[in-house]
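> Sharing a structure with you now.
Chains as they are written, first to last, in the working numbering: chain A, 1301 to 1820; chain B, 1301 to 1820.
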């Protein structure tokens, strides 16, 4: 990794700063020509990234390519795919590890790479299929997990629930909020319920709490708990215990929680609910996109291009937030999953050797499906003072064969109209009817939201995050920023005297706050 | 309204700019004393706003009070409550109207104010109760509407669904996405289903499309559609038609969609699902908070104080986004509702006479429930470069009597720990374990999430939005920014030649974009 350097230490940085003084304007009469619209497209087998509505021109694309070459991003991508221990801050991380979520869908294709890890993944895939075939009595599944163990699998399931198998009910139990548990478990038939407890270490507070609650419910219902509960964990963890679990499915320690949708963490639940064909398509779509995202030509690699566009908008044009706007209700949870992936990965402020970075890193990622969002916050997108860059996601066809075609046409008409309105604006003498325009957006368009395109979308965003991290020169794969809050919460539990002492004066604020907030 | 002026034209503006050069630091050893924590609390009957973890000190609070007095915010609040036509941009709005959502819960108390409107509201309340009592055969209700006709009612229902009446199923159908309609209507027993179509004018595309779809389903199921469908609309609208609807319930034209949760728009569905006692509590809680928010003392009026804090963080300290973080899963939709209310109301850039404003107006509002969010984007909140201000919401007790007390204690311990961690940070030699702290937050704490506190929360945020608009000197109650996109979408429908011609060159970009994006 010796060739990594901070973005503001690159040659290309000066070019980008210069170009940012006069970015391409979207709201002039001849800005958006048909020629431009037809050429600024990154087309792949499963989806197209349209970027004519971004502040992009030919010199900028050249600068993107120069930066890509200068930072040897192809080598960095390969280092990740081939299992180098890139998850580290050099000199500060005790135990550097590899980043192997791509391997869960069979990338890289070269079977001689990462043989041992590949064998584990493939073995677990076979075991999961067999397990589900052997246990047809389970018609409901509850996945207990939080963060990456919930958001990703839940988002993939929600995206594809139009293809759900009949008589299969999949629920997710995550929050330590006890009202949430009661709500999720309503009307469960425990005799036909499979529970999967998901945690790498087995020490996550929320997951432990919810597992205990579910075990109590199973017992009350007269069930033998061991016959109903499996774990998904790393070998030799607290959850790797045949006395307590019917079986354990293993995940690699080198697959991060937020990148585990295509690992056993997502796979068991998705195979249970959607069946093997849809999940196999999902894996194939993700793998195909992993292959595409290896390309070094920025115009042909959608993850790399999107990463560069994000950095352009944020670091150079100062737009510190990105709204993801899918025009399908089925991707509502997908936005929340991306929010985690992006902000937990790149919401950092030090580089890969622990030095403070001199530029802004990750934007705020937010958003929700259209057309509903048009009736919510689009007022601000069009006429507000805070600038937002937007990523629309659309599909040429609906998921259901019996869906109204007229409604789907109306849906896409709205998507297209919004992009045009944001970019072009419209002059009016009435200041309340005036739209300045010049607000950037991009569009990811695919044929239909199915297993293959969901896999491709997931891979596209995962790889975009990795490329953003490479370019920003930070480690996208740890999450040290969540530790302090956890420790403080533990200190508020009884019998944690040692921890309390270690926290020093913080402890006083904490206890005072608890007393004042809760009055106890 | 002659006393309104732009914020940067006030006397207090200079004081605030001066104070912003050296805001109160939260991360010094003696910053957060017990005395501070115990005194910076705005306590009301139903909830407390704790603001010791904001960049606030005594001189700032004095400046807040001076600004409040200078802008005569009490008179502006009264002008709204008493029905002055404040929904206008002077000289540019054709038909200025009043802003009467507070009246839907009986505020102001003085019965001689707004007698006609009050009589209509009270009459419709009686009719709704009677209608539901007369039609016990309905066990499922589908509310068809979008934007304010969906988000608010859905959020209130979700917040209170722990108190749902047995054998009542309430669903919301909003998006024109046809897959969404199929998903929402799964497993409906049409014979026992009541449908409410909600639209002020009856001309909303999505609502018309979904109504037609639902009518077709009812007919296929052999039902007489008129016997199953009611409308909630304004008198003499397209939906005010006794031939098509079993009955129509009226809303005031002067209640905006996003402020209509406590009007008939929310009330019918909530009374159906939750029963009259919970809804009466909800109304009482909202009214009590409306009364509290009339106070001119910034330290005793939580809506005014929160509005001033938002403007302080955003306009003066440059933090352009606010995360709402409720520590209860039941408020997940409430955040989305607030996102609409805040961003559609104050995402503007002109003042109340149509002049461009010289400062930033509404921040990006986003967020989701903890502890789940801790496992998602909190990494960025703690160690990212983009600053976020946060509003935590907590409850001393769970909703369900059989909820695990230990889990609820853990939930609140996490909330408190996060606020302390954000504010205090923690020094470490390892830069990856270092937390700078000094990140502001506030906390709204109530006893339990029930009808009364949900009403109070809703009113608190609605009034906060109104105060922010008053201070920023903009009209919070229109939404002209959503019109252009709608017109363009209409132009993509067939047989809209006149509209196409009117749109001029924009039309070419639109048609080209449609061709390129969809290939047709």
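Ideal placement from N, C-alpha and C gives every residue a C-beta, glycine not left out.
Among A/1661, A/1706, A/1678 and A/1746, which one has its Cα closest to the Cα of residue 1766 of chain A?
It is A/1661 whose Cα lies nearest to the Cα of residue 1766 of chain A.
> Note down, in chain order, all residues in the segment 1417-1444 of chain A with a beta-carbon under 9 Å from any beta-carbon belonging to chain B.
Here the close residues number zero.
> Span of the beta strand (DSSP E) holding residue 1626 of chain A?
Per DSSP, residue 1626 of chain A belongs to the beta strand (DSSP E) from 1621-1626.
> Residue 1666 of chain B versus chain A: which residues are under 7 Å apart at the beta carbon?
Residues of chain A passing the Cβ test: 1664 and 1666.
> Report the CB separation of residue 1604 of chain B from residue 1593 of chain B in whole angstroms; it is logged as a contact under 8 Å.
At roughly 7 Å, the Cβ-Cβ gap stays under 8 Å, so residue 1604 of chain B and residue 1593 of chain B are in contact.
> Distance, Cα to Cα, residue 1442 of chain B vs residue 1475 of chain B?
One C-alpha to the other measures close to 13 Å.
> Using beta-carbon positions only, say whether residue 1693 of chain A and residue 1624 of chain A come within less than 9 Å of one another.
Against a cut-off of 9 Å, the Cβ pair of residue 1624 of chain A and residue 1693 of chain A comes out as a contact.
> Going straight from the alpha carbon of residue 1626 of chain A to that of residue 1717 of chain A, what length do you get?
Between residue 1626 of chain A and residue 1717 of chain A, the C-alpha separation is close to 14 Å.
> Along the alpha helix (DSSP H) that carries residue 1633 of chain B, what are the first and last residues, could you check?
From DSSP, the alpha helix (DSSP H) with residue 1633 of chain B extends over 1632-1646.
> Using 8 Å as the threshold, is the segment 1659-1676 of chain A in touch with the segment 1642-1650 of chain A, meaning 3 or more CB pairs across them?
A contact exists between the segment 1659-1676 of chain A and the segment 1642-1650 of chain A.
> Using the Cα positions of residue 1749 of chain A and residue 1698 of chain A, report the straight-line distance between them to the nearest angstrom.
Cα to Cα, residue 1749 of chain A sits roughly 7 Å from residue 1698 of chain A.
> Kindly list, in the order they appear in chain B, the residues whose Cβ is closer than 7 Å to that of residue 1813 of chain A.
Neighbours of residue 1813 of chain A on chain B, chain order: 1337, 1716, 1719 and 1720.
> Could you tell me which chain C residues have their CB closer than 9 Å to the CB of residue 1633 of chain A, listed as they occur along the chain?
Among the protein chains in the structure shown, which are A and B, there is no chain C.
> Would you kindly work out how many angstroms separate the C-alpha atoms of residue 1683 of chain B and residue 1619 of chain B, rounded to a whole number?
Roughly 15 Å separates the two Cα atoms.
> Tell me the rounded alpha-carbon separation between residue 1522 of chain B and residue 1512 of chain B.
About 15 Å.
> Could you give the C-beta distance for residue 1752 of chain B and residue 1575 of chain B, rounded to a whole number, given that I count them as a contact under 8 Å?
Not a contact, Cβ separation roughly 14 Å.
> Which residues does DSSP pair with residue 1425 of chain B in a beta bridge?
Paired residue(s): none; residue 1425 of chain B is not in a bridge.
> Flag this pair as yes or no: are the beta carbons of residue 1405 of chain B and residue 1560 of chain B separated by less than 9 Å?
No; because the gap between Cβ atoms is not below 9 Å, this pair is not in contact.
> What is the DSSP secondary structure of residue 1496 of chain A, counted as helix, strand or coil?
Looking at residue 1496 of chain A - three-state DSSP - the assignment turns out to be strand.
> In chain B, which residues lie less than 7 Å from residue 1328 of chain A when you measure between Cβ atoms?
Going along chain B, no residue has its Cβ under 7 Å from residue 1328 of chain A, so there is no contact; the nearest lies around 11 Å.
> Assign residue 1761 of chain B to one of three DSSP states: helix, strand, or coil.
In this structure, residue 1761 of chain B counts as helix in the three-state DSSP scheme.
> Out of B/1411, B/1601, B/1602 and B/1735, state which residue places its alpha-carbon closest to the alpha-carbon of residue 1782 of chain A.
Ranking the options by Cα distance to residue 1782 of chain A, first place goes to B/1735.
> Taking 9 Å as the CB-CB cut-off, is residue 1342 of chain A touching chain B?
It does not: the Cβ of residue 1342 of chain A has no partner Cβ on chain B nearer than 9 Å.
> Can you confirm whether residue 1477 of chain B, when its beta carbon is compared against all beta carbons of chain A, has any partner nearer than 9 Å?
Cβ-Cβ to chain A under 9 Å: yes for residue 1477 of chain B.
> List in chain order: all unbroken beta strand (DSSP E) runs of 3+ residues lying wholly within the segment 1713-1763 of chain A.
Here the runs fully enclosed are 1741-1746.
> Compare the Cα-Cα distances from residue 1784 of chain B to each of B/1466, B/1806 and B/1774 and report the closest residue.
With distances taken between Cα atoms, residue 1784 of chain B lies closest to B/1806.
> Report buried or exposed for residue 1602 of chain B, applying the criterion of at least 16 other Cβ atoms within 10 angstroms of its Cβ.
With 16 or more other Cβ atoms within 10 Å, it is buried.
> Hey, residue 1473 of chain A and residue 1481 of chain A: beta-carbon distance below 9 Å or not?
A contact, by the Cβ cut-off of 9 Å.
> Would you verify that the beta carbon of residue 1320 of chain B is, or is not, closer than 9 Å to some beta carbon of chain A?
It does not: the Cβ of residue 1320 of chain B has no partner Cβ on chain A nearer than 9 Å.
> Across which residues does DSSP place residue 1774 of chain B in a beta bridge pair?
Looking at the DSSP assignment, residue 1774 of chain B forms no beta bridge with any residue, so it has no partner.
> Use the C-beta contact count for residue 1854 of chain A: other C-beta atoms within 10 angstroms, 16 or more gives buried, fewer gives exposed.
Chain A is shown only over 1301 to 1820; residue 1854 of chain A falls outside these bounds and no answer can be derived.
> From residue 1312 of chain B to residue 1813 of chain B, what distance separates their C-alpha atoms?
Each residue's alpha carbon lies about 48 Å from the other.
> By Cβ distance, which residues of its chain are closer than 6 Å to residue 1374 of chain A, with the 5 residues on each side in sequence left out?
Same-chain partners within the cutoff: 1596.
> Can you give me the C-alpha to C-alpha distance between residue 1432 of chain A and residue 1488 of chain A, rounded to a whole angstrom?
For residue 1432 of chain A and residue 1488 of chain A, the distance between alpha carbons rounds to 19 Å.
> Can we say the segment 1317-1326 of chain B touches the segment 1566-1581 of chain B, given the rule of at least three CB pairs closer than 8 Å?
With the cut-off at 8 Å, the segment 1317-1326 of chain B and the segment 1566-1581 of chain B do not touch.
> Given residue 1590 of chain B, which residues of its chain have a CB within under 6 Å of its CB, disregarding the five upstream and five downstream residues?
Once the five neighbours on either side are set aside, the close Cβ partners of residue 1590 of chain B are 1402, 1407 and 1759.
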